[in-house]
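J.: Residue numbers (our numbering): 2 to 219.
Glycine residues also receive a C-beta, built at the ideal position from the N, C-alpha and C atoms.
Got a structure for you, questions after.
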């Protein structure tokens, strides 16, 4: 799966360094894999801490949950726009879901600002991150404008089309989450491989010493 996921890059990836090669340079077997210190308990800068946070798998899970929640809000808003639920709910319900959707988008905007601060120009090297940011910004502007000037979107079809535009954001968020999970599994497997190689090297040295002890004359 990695050969497909490698095209969906996100900020903080080390793809450019290892270039997805299976035969990358191996570490010395005698050396144990170094554990990365926690950025909030070590002398990391605020920017480094943000980089660690955005690359953390738990943070990606939170983002995917918010994306799914936002998708539910969009679905309900579309059903309300089509008047499929209009007779079953109060008039204030669409407004509540609209403001909830704006709240979720506001969090996504903060995420984008944080990524721009942490990664700077590297952010623009990842097409799907830029695409994701464009979707969030456009969706936020549309929702805010809709609150202030609802008459602008008097055409229901146009409004539904603009809401469904955010489906692309949902797909992109899920893809990035799957990729992040795959990256984490690959990293853990490589750590296990390095540990096993170190163990094999140690056993080979012990076997060599035993052979020398048995066959070499005193």
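Kindly indicate which residue of 106, 107, 80 and 105 has the alpha-carbon position closest to the one of residue 94.
T.: What you label residue 94 is simply residue 93 of the chain shown in a count that begins at 1. With distances taken between Cα atoms, residue 94 lies closest to 80.
J.: Buried or exposed for residue 128, going by 16 or more other Cβ atoms inside 10 Å?
T.: Start at 1 with the first residue of the chain shown, and residue 128 comes out as number 127. Classification of residue 128: exposed, given that the 10 Å Cβ count is below 16.
J.: For the alpha helix (DSSP H) that contains residue 99, what are its first and last residues?
T.: To locate residue 99, count along the chain shown from 1; it is residue 98. Unbroken alpha helix (DSSP H) run through residue 99: 93-120.
J.: Please report how far the alpha carbon of residue 206 lies from the alpha carbon of residue 180, in whole angstroms.
T.: The residue labelled residue 206 in the question sits at position 205 within the chain shown. The residue labelled residue 180 in the question sits at position 179 within the chain shown. Those two C-alpha atoms are separated by around 39 Å.
J.: Quick check on the burial criterion: 16 or more other C-beta atoms within 10 angstroms. Buried or exposed for residue 125?
T.: If you number the chain shown from 1, residue 125 lands on position 124. It is exposed - the Cβ of residue 125 has fewer than 16 other Cβ atoms within 10 Å.
J.: Within 8 Å (strictly less), CB to CB, does residue 129 reach chain D?
T.: The chain inventory of the structure shown lacks chain D, comprising one protein chain alone.
J.: So does residue 192 have its beta carbon nearer than 7 Å to some heavy atom of the ligand ZN?
T.: For the structure depicted, the ligand ZN is absent and the ligand set is empty, with no information on it obtainable.
J.: Confirm, please, whether the CB-CB distance from residue 117 to residue 137 is below 8 Å.
T.: Working through the chain shown from its first residue, we reach residue 137 at position 136. Working through the chain shown from its first residue, we reach residue 117 at position 116. Their beta carbons are not under 8 Å apart, which means residue 137 does not touch residue 117 by this criterion.
J.: Looking at residue 222: is its Cβ nearer than 8 Å to the Cβ of residue 67?
T.: Nothing in the structure corresponds to residue 222, since the chain is present only between 2 and 219.
J.: Would you check if the distance between the CB atom of residue 102 and the CB atom of residue 75 is smaller than 8 Å?
T.: The residue you call residue 102 lines up with position 101 of the chain shown. The residue you call residue 75 lines up with position 74 of the chain shown. Yes. Within cutoff.
J.: If I'm right that residue 52 touches residue 134 with Cβ under 8 Å, what's the distance once you round it to whole angstroms?
T.: Within the chain shown, residue 52 is the residue found at index 51, counting from 1. Within the chain shown, residue 134 is the residue found at index 133, counting from 1. Not confirmed; about 17 Å, so no contact.
J.: Quick one: is residue 132 buried, meaning 16 or more other Cβ sit within 10 Å of its Cβ, or exposed?
T.: Within the chain shown, numbered from 1, the residue matching residue 132 stands at position 131. Exposed: under 16 other Cβ atoms inside 10 Å.
J.: Measuring straight from C-alpha to C-alpha, what distance separates residue 208 and residue 184?
T.: Locating residue 208 in the chain shown gives position 207, where the first residue counts as 1. Locating residue 184 in the chain shown gives position 183, where the first residue counts as 1. Roughly 36 Å separates the two Cα atoms.
J.: Using a Cβ-Cβ cutoff of less than 8 Å, which residues in the same chain neighbour residue 58 once the five nearest sequence positions on both sides are dropped?
T.: Position 57 of the chain shown holds residue 58. The residues 181, 182 and 185, in chain order, have a CB closer than 8 Å to that of residue 58 in the same chain once the five nearest residues on each side in sequence are set aside.
J.: Going by the beta-carbon positions, is the gap between residue 63 and residue 178 smaller than 8 Å?
T.: Position 62 of the chain shown holds residue 63. Position 177 of the chain shown holds residue 178. Not closer than 8 Å, so no.
J.: Could you have a look at residue 70 and say whether DSSP puts it in helix, strand or coil?
T.: For the purposes of this step, residue 70 is identified with residue 69 of the chain shown, where counting begins at 1. In the structure shown, residue 70 sits in a helix (DSSP, three-state: H, G or I).
J.: Can you tell which of 189, 204, 115 and 99 has the C-alpha that lies nearest to the C-alpha of residue 143?
T.: For this step, residue 143 is matched to residue 142 along the chain shown. Residue 99 is the option with its Cα nearest to residue 143.
J.: For residue 208, which of helix, strand or coil comes out of DSSP?
T.: Here the question's residue 208 lines up with position 207 in the chain shown. Here residue 208 carries a helix assignment [DSSP, helix/strand/coil].
J.: Checking 8 Å against the spacing of the C-beta atoms, do residue 60 and residue 115 come in under that value?
T.: The sequence position of residue 60 within the chain shown is 59, counting from 1. The sequence position of residue 115 within the chain shown is 114, counting from 1. Contact: no.
J.: Around the Cβ of residue 202, are there at least 16 other Cβ atoms within 10 angstroms (buried) or fewer (exposed)?
T.: Position 201 of the chain shown, counted from the start, is the residue given in the question as residue 202. Classification for residue 202: exposed.
J.: Can you check whether the CB of residue 122 is closer than 8 Å to the CB of residue 141?
T.: Indexing the chain shown from 1 puts residue 141 at position 140. Indexing the chain shown from 1 puts residue 122 at position 121. No, Cβ-Cβ distance for residue 141 and residue 122 is not below 8 Å.
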